Amino acid sequence: MITVTLKDGTKKEYEEGITIQNIAKSISQGLGKSAICAKVNGEITDLTNTVDEDINLEILTFDTEYNEKEPEDAFPARRVFWHTTAHILAQAVKRLYPDVKLTIGPPIDKGFYYDFEFQNPFSADDLAKVEKEMQKIVKENLSLKRFVLPRNEAIELMKKRGESYKIELIDSLPEDEELSFYEQGEFIDLCVGKHLPSTGMVKSLKLLSVAGAYWRADQSNTMLTRIYGISYPKKELLDAYLNRLEEAKKRDHRKLGKELELFDIYEEGPGFPFFLPKGMVIRNQLEDFWRIEHEKAGYLEIRTPIILNEELWKRSGHYDHYKDNMYSTIIDEEIYRVKPMNCPGALLVYKSKLHSYRDLPKRVGELGLVHRHELSGALHGLMRVRCFTQDDAHIFMMPEHIKDEIKGVFELIDKFYSIFGFTYKIELSTRPENSMGSDEDWEMATNSLKEALFDMGRDYKINEGDGAFYGPKIDFHLEDSIGRTWQCGTIQLDFQMPERFDLTYIGSDNEKHRPIMIHRVIYGSVERFIGILTEHFAAAFPLWLSPVQIKILPVSHSSYEYSKKISEEFIKSGFRTQIDIRNEKIGFKIREAQLSKIPYMLIIGDKEVEQNTITVRSLRGGDLGTYSLYDFIQKITKENTNKDLTN
RNA sequence: GCUUAUGUGGCUCAGUGGUAGAGCACUUCCUUGGUAAGGAAGAGGUCGGGGGUUCAAUUCCCCUCAUAAGCUCCA
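Written out as structure tokens, the structure is:
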């Protein structure tokens with residue numbers, strides 16, 4: 002007999018050799034039925050595994066949640082569920098197109114994909130056919146069996162099946178790695194697992210899209226066909242998911258930006274957004290706020306030119322490392338480059354005079370317009386454009402300033418992001434392949450960032466090889482409406498540029514020393530930040546950002562005069578106010594104001610004229626009742642200046 | 001840039017090998033109406049661009065541009 006200790010501490014005895022599935026069934030009918038996999042002594046395990054010794058056991062269902070650091074481990078059972086669905090997908094594809102080659106098919110954050118090499122093009126219309134075949138496989142309720150082969154037999158098996166990519170995978174695995182396979186019906190796949198005991202558990206599935214993906218994520222390799230899908234143990238869950246996806250799409254900043262006339266991108270300028278009057282209000286508010294907060298934090302502001310001589314870009318290293326992304330022009334027969342970054346300009350400013358150690362750290366900000374030639378396929382609304390404004394700043398300092406300055410930037414980031422209720426993820430990006438400087442410099446810089454993160458007790462993920470060419474960086478990532486993350490803020494530590502530009506300061510020893518530099522942005526790109534904001538608020542911006550804050554809606558002709566008077570009062574008090582004197586019914590005017598996401602509507606009819614009051618309707622709260630003009634101005638002035646989001 | 005889609009009046013979309021339709025928006029008129037669409041009439045498009053097939057192309061084919069999802073790359 003063996004003893005099984007459950008998560009709640011209870012112990013049970015079983016015969017040796019019992020499967021975990023059977024244990025699950027014996028524990029509770031309901032739990033046993035929805036069991037997907039298990040944690041045996043903390044390790045994810047297939048339910049088909051047998052138990053021969055005493056264990057700690059936790060049965061995992063689709064909804065078992067872990068709050069682990071890596072989001073991909075939050076729902077371990079889902080990943081097992083989706084992984085098996087990926088195998089079902091591969092099996093269906095193999096049945097319909099036998100000469101297709103398998104590559105890899107993992108679960109992802111939401112669902113799964115499988116990459117295939119098709120001999121003939123696979124079109125989106127074929128998805129329905131594959132989906133049908135998958136449903137057949139589910140109905141067949143094939144059981145999944147795991148088996149292990151020695152290396153030579155594994156290669157032999159894959160050779161026989163013509164799976165050349167799998168052989169490549171086996172070859173790349175370390176010698177001592179166990180080669181496990183999962184088998185369901187006629188389908189066999191090289192796979193570490195884990196998997197469901199049978200295909201019948203995948204009650205409801207949907208293939209979502211077809212896309213290309215490079216083999217091993219390398220642009221020089223074959224482009225494979227990637228099929229994305231999602232699956233659930235219940236149809237209602239799938240429907241709910243698809244519903245949520247639809248809802249999220251309604252918050253797409255590209256759609257809202259156009260509908261609400263905030264910004265637009267035309268065919269004549271791919272990646273070059275136009276800001277419309279209402280979008281400009283938001284921009285200006287963000288920039289005003291930025292200036293006020295940065296002045297408080299001891300920053301100076303400069304503005305440097307957009308076009309500068311190519312010689313400068315050669316000196317900074319941008320020419321060598323970033324040439325393909327830079328636009329250029331010719332002035333008086335010399336090549337000039339459009340700036341992709343603001344730092345060289347800031348360096349020239351620093352160099353224009355001598356600096357004493359007493360003046361450091363020196364924080365110099367710039368709302369700098371940069372242009373970068375991004376690949377056409379990478380463009381994405383305001384999130385990824387070819388011309389954008391970075392809320393940049395460069396901090397020139399001595400080594401002993403590093404920690405405090407990083408901390409200071411963190412404080413600013415926290416202040417800015419918390420106002421909008423953003424939660425962010427931190428990544429530390431390390432040295433990329435194509436970079437400049439010595440290993441020692443990079444190590445020192447990377448360690449400084451790590452230490453700062455450690456001191457502040459921040460969790461972060463390491464993003465290998467994703468740093469800037471001149472230094473490592475801490476990135477702050479924000480989510481869009483459908484959960485894609487975009488890098489916004491960043492803090493980069495740079496030992497290279499000061500060297501390249503021979504920056505100096507005079508130390509207390511009266512000698513010249515080399516300063517260290519931080520490049521940092523808070524919004525990241527004002528454009529991208531507005532994109533994120535738009536999706537976050539579904540364009541119902543907080544009062545201080547709203548393009549139109551108050552819309553006055555006269556009920557009829559008889560209240561026009563009074564409405565105009567009220568309107569002037571609000572404008573005088575500094576509120577962005579509009580009046581709707583169209584010959585329309587009040588219901589219609591309310592509907593339009595509501596759809597334009599205007600925070601406050603003032604309904605003005607005979608009653609208000611008579612009593613010298615206003616009736617207020619808020620976007621979210623509906624009818625707020627009657628106010629005196631004075632009281633209401635007091636109320637919203639407070640809301641406006643506190644940047645209060647609670648309303 | 002690559003893979004797969006898409007591209008019809010300002011917007012959202014229908015449609016067809018014989019030179020186009022709806023709703024909203026727009027203009028004019030009627031309606032003066034109290035918390036999410038009052039009514040009527042009218043104007044507006046050489047169907048992304050170029051080429052080809054055809055007696056005839058918005059519809060079929062090729063090229064190109066833009067957009068979307070994903071890959072690669074990045075703020």
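Letter by letter, the first sequence follows residues 2 to 648 in my numbering. Beta carbons are placed, not taken as given, at the ideal position from N, Cα and C, and that holds for glycine. Keep in mind it's a predicted model, so treat the numbers as computed, not measured.
Counting only runs of at least 4 residues, the segment 441-522 fully encloses the following alpha helix (DSSP H) elements, listed from N- to C-terminal order: 497-501. Between Phe148 and Phe182 a beta carbon distance of about 5 Å is seen, short of the 8 Å cut, so the two are scored as contacting. When the alpha-carbon of Pro99 is set against those of Tyr115, Ile109, Phe119, the nearest one is in Phe119. Ile21 is positioned such that its CB atom lies no closer than 8 Å to that of Leu61. Judged by their CB atoms, Ala453 and Lys408 are nearer to each other than the 8 Å cut-off. Residue pairing from DSSP places Ala214 in a beta bridge opposite Leu225. For the pair of segments examined, the segment 576-583 was found not to touch the segment 521-534: the number of CB pairs separated by less than 8 Å stays below three.
In this structure Glu428 touches Tyr461 by the C-beta definition: roughly 6 Å separates them, less than 8 Å.
Residue state for Met384 is assigned as coil, using DSSP reduced to three classes.
Judged by beta-carbon spacing, Asn142 lies beyond the 8 Å limit of Ser205, meaning their Cβ atoms are not closer than that value.
Taking C-beta separations shorter than 8 Å and ignoring five residues to either side along the sequence, the partners of Arg618 in its chain run Ile591, Tyr601, Met602, Leu603, Ile604, Asp624, Leu625, following chain order. DSSP places Ser357 within a strand segment (E or B) once states are collapsed to three. With respect to the C-alpha of Phe411, the residue from Ile332, Gln493, His372 having the closest C-alpha is Gln493. Boundaries of the alpha helix (DSSP H) around His537: 527-538. A distance below 6 Å between beta-carbons, with the five flanking residues on each side excluded, links Asn57 to the following residues of its chain, in chain order: Thr6, Asn42. In the DSSP assignment, Met602 falls within the unbroken beta strand (DSSP E) covering 601-605. Distance from the Cα of Thr223 is smallest, within the candidate group Glu132, Met384, Glu311, Asp116, for Asp116. Between the C-alpha atoms of Ala25 and Thr85 there is a straight-line separation of about 20 Å. The residue from Ile307, Leu355, Met518, Arg459 with its alpha-carbon nearest to that of Ile403 is Met518. DSSP places Ser329 within a strand segment (E or B) once states are collapsed to three. The beta carbons of Tyr524 and Leu287 sit about 7 Å from each other, so the pair counts as a contact at 8 Å. For Leu479, the CB contacts under 7 Å within the same chain, skipping 5 residues up- and downstream, are Phe423, Tyr425, Thr486, Trp487, Cys489, Ile533 in chain order. Inclusion of Ile303 and Lys340 in the CB contact set at 8 Å is not warranted, their separation being larger than that value. Take Gly606, set aside five residues on each side of it, and the residues of its chain with a beta-carbon closer than 6 Å to its own are Val556, Ser560, in chain order. By the Cβ criterion, the segment 146-161 is not in contact with the segment 127-134, since fewer than three pairs of Cβ atoms, one from each stretch, lie closer than 8 Å. The C-beta distance from Phe455 to Ser232 rounds to 40 Å, too long to meet the 8 Å contact threshold. Between the alpha carbons of Glu134 and Ile109 lies a gap of roughly 22 Å. Under the three-state reduction of DSSP, Val52 is assigned to strand. Taking Gly272 as reference, the option from Phe477, Ala36, His374, Glu178 with the minimal CA-CA separation is His374.
Between Asn435 and His322, the CB-CB gap stays under 8 Å.
Burial of Arg338 is indicated by the presence of at least 16 other C-beta atoms within 10 angstroms of its C-beta. For Lys130, the uninterrupted alpha helix (DSSP H) segment begins and ends at 127-141. With a contact defined as Cβ atoms closer than 8 Å, Arg316 and Phe502 qualify at about 7 Å. As a beta-bridge residue in DSSP terms, Cys38 pairs with Leu61. Distances from the CA of Gln185 to each of Phe113, Gln92, Glu179 were compared; the closest alpha carbon is that of Gln92.
Spanning the alpha carbons of Lys195 and Leu170 requires a straight line of approximately 18 Å.
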